[in-house]
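Asker: Protein chains in written order, with our numbering: chain A, 1 to 220; chain B, 1 to 221; chain C, 1 to 228. First the structure, then my questions, so here it is.
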């Protein structure tokens, strides 16, 4: 089916370009690690703080990486060419969302390793659950991030506007992610509720964002 | 349009005067907070007006993207500005209220945090509109931001509320305010007054936008 | 009718890039668009490619309206702009494979590269290509898209005699299959033998629409230089 072919080709292209340069992941990982180190040092590296620091680092790094994700197209003036292929722009959305989600999952893995080491928390036992929770949050991050990355292309000062727009909108992901991670690690109650919050966020924006994406990418 | 404006303006003036009367004169001070509780009669209605504005932004943005009529964009733009204004007022009111009552400027109250997030989102939507060269494109992009922001409002609200209340007792709570009937009346009157104020400002702002649009269409050769 | 425009105009904020352009081009023909910088050649081509919406007027490509049937137009059009539109970090072959997937065409990237003489560079990153090679790659992409409407902006830029022959071949293939081609260029000498219709633009307005055979060389020079 053409839609799948287009989305897959786009995701593949983005990931291939990233793999060859590895600029985005390096910048994101660097920032994330820095945030973990700074917060861990300043606040104290107790295990109880780990989920919060994990998610704050993830969110800040993702906000940084999202802008760069559409940068390549803009810089190389390939955006107009991309928009002139026949077919719905929603396919472009799905391709980019998929690639960004994968990229952020790699970041998540790195972060989990870092947190496990630096905070002396045994993550390994719960790793699949933690990864699942992370993925649930990342899906939501990517859903809105992909949309905003394209939205801000013609906007002056886009690097400055991205955190201003993305972080408030993603607040439920941050809060849900932290509480869900806590529930997984310490068995505290409420995990189901926060799972629901994240799921609702994801479903809502994965339904709405692709449609709005076609509005955002009307012209190069 | 003029007639509507005059009518709404008159109603707003009357309601605001009534609200002032009820808020300052005809309602009793709170048992714990004393006269400081009267700030509630401005703070809560501001937040209410902000939510009205957010709803307007949502509907107007959707209509604009769907239908393309300039009027919808004018409404969406005006409502975004008012949303930013009223969330700012609500935040300021909340902070002014908090300082004498709890001794802090910021109470990490769920609603205050939500209001702060909304303030940033709507301010962001305004900036997106301003910082794009092609005005029409800026309007469409701002509409997208408005829609996302408005959809997010309940999610932000509930996640913030549940984050605090379900996990641990927050160190500072607003506490129950026992509302005597005159206080309820005062609050209701002011809610209505602020809703009317919002409507009045919206109509004026939309009118101004239309005049500006007509003028710049005339200027272009 | 391959191409039909009526009063096509495009305004950018306060500036008219294109004003009231009305043309027709029968199927199987080639149009040469001549004019100085800023005349509106690129704007015209971008509108025909559906990259830009007109602010006034209408146009249709093989019966499909540019605005209302934009997706249909995109299915049958290939636009080669002044920017090559390739990803520098990918190889030539990967760029073409991507183009094939995105446009729903079969992946004949190897064939396409062979036709433009880039078979040896298939596995090289586009970043390493010279300007001429990038132009050829862009032509390969256009060939891959098998368009009915071929739009070449600055058609002969960066191309040597061999490259110009490639343009000839591509245009020939498209028109002999019943399609149309629109070439915008300063270098009218290179494109004249291909053209059926010559169109002159100056400051967004049409200043010439003639059969190619009826336009003299001095006239063409004047049009290209903007002295009309």
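Just so you know, even glycine gets a beta-carbon here, dropped at the ideal spot from N, CA and C.
Against chain C, does residue 86 of chain A count as a neighbour if the rule is that its beta carbon must be under 8 Å from one of theirs?
Answerer: Taking Cβ atoms only, chain C reaches closer than 8 Å to residue 86 of chain A, which makes this a yes.
Asker: Would you mind listing the beta strand (DSSP E) stretches within the segment 44 to 122 of chain C that are 3+ residues and don't spill past its ends, in chain order?
Answerer: Listed in chain order, the complete beta strand (DSSP E) runs (minimum 3 residues) inside the segment 44 to 122 of chain C are 56 to 61 and 77 to 80.
Asker: Have a look at residue 181 of chain B and residue 187 of chain B and give me their C-alpha separation to the nearest angstrom.
Answerer: So the alpha carbons of these two residues sit roughly 10 Å apart.
Asker: Cα separation between residue 47 of chain B and residue 86 of chain B?
Answerer: Residue 47 of chain B and residue 86 of chain B: Cα-Cα distance of roughly 7 Å.
Asker: Since residue 1 of chain C is in the alpha helix (DSSP H), which residue starts that stretch and which ends it?
Answerer: Counting along the chain, residue 1 of chain C falls outside any alpha helix (DSSP H), and DSSP gives it neither H nor E.
Asker: Between residue 4 of chain B and the rest of its own chain, which residues show a CB-CB distance below 8 Å, the 5 nearest in sequence each way excluded?
Answerer: Taken in chain order, the residues that qualify are 203.
Asker: Could you tell me which chain A residues have their CB closer than 9 Å to the CB of residue 83 of chain C, listed as they occur along the chain?
Answerer: The contacting residues are 76, 77, 78, 80 and 81.
Asker: What does the Cβ neighbour count give for residue 48 of chain A, buried or exposed, with the cut at 16 atoms within 10 Å?
Answerer: Exposed: under 16 other Cβ atoms inside 10 Å.
Asker: So residue 132 of chain B and residue 175 of chain A are supposed to be a Cβ contact under 8 Å. How far apart are they, rounded?
Answerer: Not confirmed; about 31 Å, so no contact.
Asker: Please list the terminal residues of the continuous beta strand (DSSP E) segment that includes residue 183 of chain C.
Answerer: 180 to 185 is the extent of the beta strand (DSSP E) around residue 183 of chain C.
Asker: Using the three-state DSSP reduction, which class does residue 15 of chain C fall into: helix, strand or coil?
Answerer: Of the three classes helix, strand and coil, the one that applies to residue 15 of chain C here is strand, per DSSP.
Asker: With a CB to CB cut of under 7 Å and the five nearest residues on each side skipped, what residues in its chain are close to residue 53 of chain C?
Answerer: Within the same chain, residue 53 of chain C has close Cβ partners 67.
Asker: Indicate whether at least one CB of chain C lies closer than 8 Å to the CB of residue 219 of chain A.
Answerer: Chain C contact via Cβ: present.
Asker: Please work out which residues of its chain come closer than 7 Å, Cβ to Cβ, to residue 98 of chain B, disregarding the five sequence neighbours upstream and downstream, and give them in chain order.
Answerer: The residues are 104, 105, 106 and 107.
Asker: Determine the chain B residues that contact residue 154 of chain A at a beta-carbon separation under 9 Å, and present them in chain order.
Answerer: What residue 154 of chain A touches in chain B: 131, 132, 133, 134, 137, 138 and 141.
Asker: Using a Cβ-Cβ cut-off of less than 9 Å, list which residues of the segment 29 to 57 of chain C approach chain A; keep chain order.
Answerer: Going along the segment 29 to 57 of chain C in chain order, one finds 46, 49, 50, 51, 52 and 53 with a Cβ nearer than 9 Å to chain A.
Asker: Identify the contact partners of residue 96 of chain A in chain C, using a Cβ-Cβ distance below 7 Å as the criterion.
Answerer: Ordered by position in chain C, no residue passes the 7 Å Cβ test against residue 96 of chain A, which lies about 13 Å from the chain.
Asker: Measuring only the C-alpha atoms, how far is residue 79 of chain C from residue 205 of chain B?
Answerer: Their backbone Cα atoms lie some 44 Å apart in a straight line.
Asker: Flag residue 158 of chain C as yes when its Cβ comes closer than 7 Å to any non-hydrogen atom of the ligand MN, and as no otherwise.
Answerer: For the ligand MN, the structure offers nothing, since it holds no ligand at all.
Asker: Excluding the 5 residues flanking residue 118 of chain A on each side, which residues of the same chain have their C-beta closer than 8 Å to its C-beta?
Answerer: Once the five neighbours on either side are set aside, the close Cβ partners of residue 118 of chain A are 36, 37, 40 and 45.
Asker: By alpha-carbon positions, which one of B:72, B:117, B:57 and B:154 ends up nearest to residue 165 of chain A?
Answerer: Among B:72, B:117, B:57 and B:154, the Cα nearest to that of residue 165 of chain A belongs to B:117.
Asker: Using a beta-carbon distance below 8 Å, is residue 65 of chain A in contact with chain C?
Answerer: Answer no: the Cβ-Cβ gap between residue 65 of chain A and chain C never drops below 8 Å.
Asker: Considering only their Cβ atoms, is the gap separating residue 105 of chain A from residue 85 of chain C smaller than 8 Å?
Answerer: Taking 8 Å as the Cβ cut-off, residue 85 of chain C and residue 105 of chain A do not qualify as a contacting pair.
Asker: Taking the alpha carbon of residue 120 of chain B as the point to measure from, which residue in B:141, B:209, B:94 and B:153 has its own alpha carbon closest?
Answerer: Residue B:153 is the option with its Cα nearest to residue 120 of chain B.
Asker: Can you list, in chain order, the residues of its chain with a C-beta nearer than 8 Å to that of residue 88 of chain A? Leave out the 5 residues immediately preceding and following it.
Answerer: Around residue 88 of chain A: 3 and 214.
Asker: Leaving out five residues on either side along the sequence, give the residues of the same chain with a beta carbon under 7 Å from the beta carbon of residue 89 of chain B.
Answerer: Only 46 meet the Cβ criterion.
Asker: Mind checking the segment 15 to 35 of chain A against chain C and listing, in chain order, the residues whose C-beta falls within less than 7 Å of any C-beta there?
Answerer: Those residues of the segment 15 to 35 of chain A that come within reach of chain C (Cβ to Cβ, closer than 7 Å) are 16, 17, 20 and 21.
Asker: Measure from the alpha carbon of residue 196 of chain B to the alpha carbon of each residue in B:2, B:1, B:6 and B:15, then state which is nearest.
Answerer: Out of B:2, B:1, B:6 and B:15, B:15 has the C-alpha closest to the C-alpha of residue 196 of chain B.
Asker: Please decide whether residue 110 of chain A counts as near chain B, where near means a Cβ-Cβ distance under 8 Å.
Answerer: Closer than 8 Å: no.
Asker: Pairing CB atoms from the segment 64 to 72 of chain A with CB atoms from the segment 167 to 182 of chain A, are three or more of them under 8 Å?
Answerer: In short, these stretches do not touch, since the Cβ pair count stays below three.
Asker: How many angstroms separate the CA atom of residue 191 of chain C from the CA atom of residue 43 of chain C?
Answerer: Residue 191 of chain C and residue 43 of chain C: Cα-Cα distance of roughly 20 Å.
Asker: With a threshold of 7 Å on Cβ separation, who are the neighbours of residue 105 of chain C within its own chain once the five nearest residues in sequence on each side are excluded?
Answerer: If we look at residue 105 of chain C and ignore the five residues flanking it on each side, its Cβ neighbours are 144, 145 and 146.
Asker: How would you call residue 203 of chain A, buried or exposed, if buried means at least 16 neighbouring beta carbons within 10 angstroms?
Answerer: With fewer than 16 Cβ atoms within 10 Å of its Cβ, residue 203 of chain A is classed as exposed.
Asker: Using a Cβ cut-off of 7 Å, which residues of the segment 155 to 175 of chain A contact any Cβ in chain B, in chain order?
Answerer: Going along the segment 155 to 175 of chain A in chain order, one finds 155, 156, 157, 161, 164, 165, 168, 169, 171, 172 and 175 with a Cβ nearer than 7 Å to chain B.
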